[in-house]
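Notes follow once the structure below has been shown.
Number of protein chains: 2
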Amino acid sequence: MQFRQKTLANGLVVIGELNPEAKSAAVGFFVRAGARDETLQINGVSHYLEHMLFKGTERLNAFEVNEAFDSRGAQFNAFTSEEQTVFYAAVLPEYLIDVTQLWAELMRPALRDEDFNIEKNVIKEEIAMYQDSPAFDVVDRCRGLHFGTHPCGHSVLGTVETIDGLTAGRMRQYFSNHYAPNNMVVACAGNFDWDRLVATVETASGRWPAQPVERALSDFPGTKQKAQADKPNLKREHICLIHTGVSAQDPRRFAAAMLSLIIGDDYGSRFFWELVDKALVEEASMHFGPMDGTGIFYNYFCCSTENAGRVMGIVNGIFHDLADNGVTEEELVKAKNKVLSALVIKNEVPMGRLVDLGFHWMYLGEYRSIEQDVEAVKAVEAGQINTLIRQIDLNSYTQYVLSPPTTS
Amino acid sequence: MQFRQKTLANGLVVIGELNPEAKSAAVGFFVRAGARDETLQINGVSHYLEHMLFKGTERLNAFEVNEAFDSRGAQFNAFTSEEQTVFYAAVLPEYLIDVTQLWAELMRPALRDEDFNIEKNVIKEEIAMYQDSPAFDVVDRCRGLHFGTHPCGHSVLGTVETIDGLTAGRMRQYFSNHYAPNNMVVACAGNFDWDRLVATVETASGRWPAQPVERALSDFPGTKQKAQADKPNLKREHICLIHTGVSAQDPRRFAAAMLSLIIGDDYGSRFFWELVDKALVEEASMHFGPMDGTGIFYNYFCCSTENAGRVMGIVNGIFHDLADNGVTEEELVKAKNKVLSALVIKNEVPMGRLVDLGFHWMYLGEYRSIEQDVEAVKAVEAGQINTLIRQIDLNSYTQYVLSPPTTS
């Protein structure tokens, strides 16, 4: 694997990790624009804008965009998070340049009023659909509660109200501010020609003007509030707990990832043995969510109303035990092996590698080889995880519960 | 890539595709035991048995099984379908032998009464959870309706009634009949030592006795019936249509896969442009489901009650147009590129390759290289797809609709 990097005059960063053995190549445009970069008034604009990029440019309509990807057999998609909008494609090596050129072209969308108005309904349908999923809804609500007025609490989808209130003009303004070349990274992984890649990006994007753009970064301890709501049609309690985490830049992020596996991995974790295996819950998990300058751990449980009290008792018992006694050496070894094999297996294919490559540059402004991450994981000691447990205070969290309507 | 194969004296087939460049290896035990191999009385036993294998052996309890995988950082799981139960793991190369040995050991489970009784509730919870998903439920019901008395209509999960009625003794009997070495394939892909793999399987499994076991194969045209049911709490119409397809052994399977992409791929298909892009449905898809000696296409739509009539009109219009005019050359080229890039990208990583490797042997009793499949895809002509459209009769299908309760 060979790493290459070039920053164009307008600030657009192009990075590539070349693997001539790979059978495919993947390219991604990583834009530093997510829900946290929005004001509450235009909440949801980043995600809505992601949709709009597929509606085409002055030259291409939506149908032609799709045809252009499809005719290359591209596996392509995009996602928007609290912090990024990412557009990506995996293709056979011979189509990499075509597809990079296409993405670059789409990064200057037409944003037609007509498309904007039609897409508004699609976005509102998506909001309705996700709100119908209690697992999604409770985490979204809990994150909002946890972050209070900090912008990391913004919902990625926005609300029906903010989407209704959004105008095409306001979206164009957001676009100009955030889709600046100096606020983007083009990353490429797998089997491709670096010089042709750079030349392609340079030709397509070299004349986009740089813009002043900045993200306000601040860490946030979390409100640690508790809330509960009834929701019609629910049959189960859906419980989300959020702990303070560490940031994507924090050296403790490797220990944090292991801690979340030890507590709440799908298999073999403390939640698994004490809750899932005992059939007290349908689901119990803990995930580490590192972010730009801040971070959280989110826990999710789904169980019957009857079991909810007992489940929370066991969960708090697990947290207390870890705060008092720390993790065991056996747990550390298991977590390490899990992280290592996941890391190697995910990165084995260019599309998997692409995401780490782009995120490392977005968050750290640096390249990290798989080997560097492997070493960092191997170096974590139980003592570091136990120190982290004390620092984040595992016994203290924000809590949101969605319950079936009380029948009385 | 090098292919190796060995059949042990008891009929157990071991196959391997070696890729010394890979960073990982994957192993799978493919058992020819699924819902279609069950009688209606014990429907769900294959899936229940899959769960029971994780409960351990005479030597290992469930906790130790999990620890044994976890300590190797194995990404492991299992799934049961209408036709197979597959147990698999992806690991770093140094753990491949350990994990193969572990799976082989688990293929002779203890099937303890106590574990059986506890797991019964887990299975029933899973049935309840899936029945709560209208998209899953409607397809399951429609498949049952389509196949009528043919065993391919059996639900993989079974019903609360069949699971309640199942005894550990009956499961043990099913196990003895179906987990015979001559009814299994051990497949391995990626970076591993073939001789050590064979020696490991031989030592662990070479003395399992062969059993007479046979699957009744018969093609089935489908009942082409129509049914509808109301379901409380639904807000949308969930519609499943099932067409007659072709089998996993049929040379027309490549054309069939392309036809389903042309009609109902997530992006760029006829359903996409005429239904999803027009915001008439939240979801519209068509998938090809090749099976042992038979096959189906299943279509799924989710839309508002208000739109349902119009949606079905458009869907039937698409079917009629294809029956009359066939697919276009442009559609063929796009579908081909989609299938090709999906094929190459999926197979790039050992875990992805494993599934094709195992299924080819299960269905065809032969090895097929990626290149062979690539050639077969490239060779498909529009005329072959159009012939297939006439043969399967696109205008005729089984239909099941789940609707919100009528308010009157």
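Line by line, the protein sequences are chains A and B. If you read the first sequence in this note's numbering, its first letter stands for residue 1, the second for the next number, and so on. If you read the second sequence in this note's numbering, its first letter stands for residue 1, the second for the next number, and so on. For each residue, glycine too, the CB sits at the ideal point set by N, CA and C. Computed from a predicted structure; not experimentally measured.
From the options, residue whose alpha carbon lies closest to that of residue i
i: residue 92(B); options: 263(A), 339(A), 381(A); result: 339(A)
i: residue 319(B); options: 305(B), 283(B), 260(B), 162(B); result: 260(B)
i: residue 161(A); options: 392(A), 127(A), 230(A), 368(A); result: 127(A)
i: residue 194(A); options: 60(A), 372(A), 97(A), 393(A); result: 97(A)
i: residue 376(A); options: 343(A), 395(A), 391(A); result: 343(A)
i: residue 63(B); options: 146(A), 333(A), 267(A); result: 267(A)
i: residue 26(B); options: 348(A), 382(A), 400(A); result: 348(A)
i: residue 133(A); options: 256(A), 239(A), 255(A), 317(A); result: 239(A)
i: residue 309(A); options: 281(A), 369(A), 130(A); result: 281(A)
i: residue 1(B); options: 159(B), 279(B), 17(B), 315(B); result: 17(B)
i: residue 35(B); options: 292(B), 304(B), 369(B); result: 292(B)
i: residue 136(B); options: 306(B), 298(B), 314(B), 305(B); result: 298(B)
i: residue 333(A); options: 324(A), 385(A), 351(A); result: 385(A)
i: residue 189(B); options: 346(B), 265(B), 11(B), 145(B); result: 346(B)
Any C-beta of chain A under 8 Å from that of residue i
i: residue 15(B); result: no
i: residue 285(B); result: no
i: residue 337(B); result: yes
i: residue 275(B); result: no
i: residue 88(B); result: no
i: residue 6(B); result: no
i: residue 403(B); result: no
i: residue 318(B); result: no
i: residue 329(B); result: no
i: residue 1(B); result: no
i: residue 288(B); result: no
i: residue 279(B); result: yes
Pairwise C-alpha distance: residue j and residue i
i: residue 45(B); j: residue 108(B); result: 16 Å
i: residue 56(A); j: residue 65(A); result: 6 Å
i: residue 9(A); j: residue 149(A); result: 37 Å
i: residue 253(B); j: residue 4(B); result: 26 Å
i: residue 427(B); j: residue 362(B); result: A question about residue 427(B) goes unanswered here, because the residues of chain B that appear run from 1 up to 408.
i: residue 69(A); j: residue 99(A); result: 7 Å
i: residue 86(A); j: residue 359(A); result: 10 Å
i: residue 409(B); j: residue 49(B); result: For residue 409(B) there is no data in the structure shown, the boundaries of chain B being 1 and 408.
i: residue 341(B); j: residue 72(A); result: 8 Å
i: residue 270(A); j: residue 61(A); result: 51 Å
i: residue 153(A); j: residue 171(B); result: 50 Å
i: residue 210(B); j: residue 301(B); result: 45 Å
i: residue 111(B); j: residue 250(B); result: 38 Å
i: residue 322(B); j: residue 290(B); result: 21 Å
i: residue 365(B); j: residue 371(B); result: 18 Å
i: residue 141(A); j: residue 88(A); result: 29 Å
i: residue 326(A); j: residue 237(A); result: 29 Å
Test: residue i CB closer than 8 Å to a CB of chain B
i: residue 334(A); result: yes
i: residue 408(A); result: Note that residue 408(A) scores a pLDDT of 49, beneath 50, so its modelled location is shaky; the value from the coordinates is reported in the next line. For residue 408(A), the answer is no, since every Cβ of chain B falls outside 8 Å of its Cβ.
i: residue 340(A); result: yes
i: residue 92(A); result: yes
i: residue 114(A); result: no
i: residue 314(A); result: no
i: residue 345(A); result: yes
Coil, strand or helix - residue i by DSSP
i: residue 396(A); result: coil
i: residue 157(A); result: coil
i: residue 408(B); result: In this prediction, residue 408(B) has a pLDDT of 49, which is less than 50 and means its spatial position is unreliable; what the coordinates show is noted afterwards. Residue 408(B): coil per DSSP, three-state reduction.
i: residue 355(B); result: helix
i: residue 132(A); result: coil
i: residue 250(B); result: coil
i: residue 290(B); result: strand
i: residue 17(B); result: strand
i: residue 341(A); result: helix
i: residue 172(B); result: helix
request  = Could you name the residues of the stretch 116-136 of chain B whose beta carbon sits closer than 8 Å to any beta carbon of chain A, in the order they occur along the chain?
outcome  = Result list: 118, 121, 122, 125, 129, 132.
query = For the stretch 41-54 of chain B, which residues have a CB atom closer than 7 Å to at least one CB atom of chain A, in sequence order?
reply = Residues of the stretch 41-54 of chain B with a C-beta less than 7 Å from any C-beta of chain A: none at all.
key: Chain-ordered residues of the stretch 56-76 of chain B with a beta carbon less than 9 Å from chain A   = Listed in sequence order: 62, 63, 66, 67, 69, 70, 71, 72, 73, 74, 75, 76.
Contact set between the stretch 227-251 of chain B and chain A, restricted to residues whose Cβ is under 8 Å from the partner = Identification of residues in the stretch 227-251 of chain B having a C-beta nearer than 8 Å to some C-beta of chain A yields 233, 235, given in sequence order.
message = So if I threshold CB-CB distances at 7 Å, which residues from the stretch 256-267 of chain B count as touching chain E?
response = This model lacks chain E altogether, as its protein chains are A and B.
query = If contact means a Cβ-Cβ distance below 7 Å, which residues of the stretch 365-378 of chain A contact chain B?
reply = So nothing in the stretch comes that close.
query = Residues in the stretch 145-172 of chain B with C-beta within 8 Å of chain A's C-beta atoms, listed in sequence order?
reply = If the cut-off is 8 Å between Cβ atoms, the stretch 145-172 of chain B has nothing near chain A.
query = If contact means a Cβ-Cβ distance below 8 Å, which residues of the stretch 18-31 of chain B contact chain A?
reply = When C-beta distances to chain A are compared with 8 Å, the residues of the stretch 18-31 of chain B below that value are 21, 22, 23, 24, in chain order.
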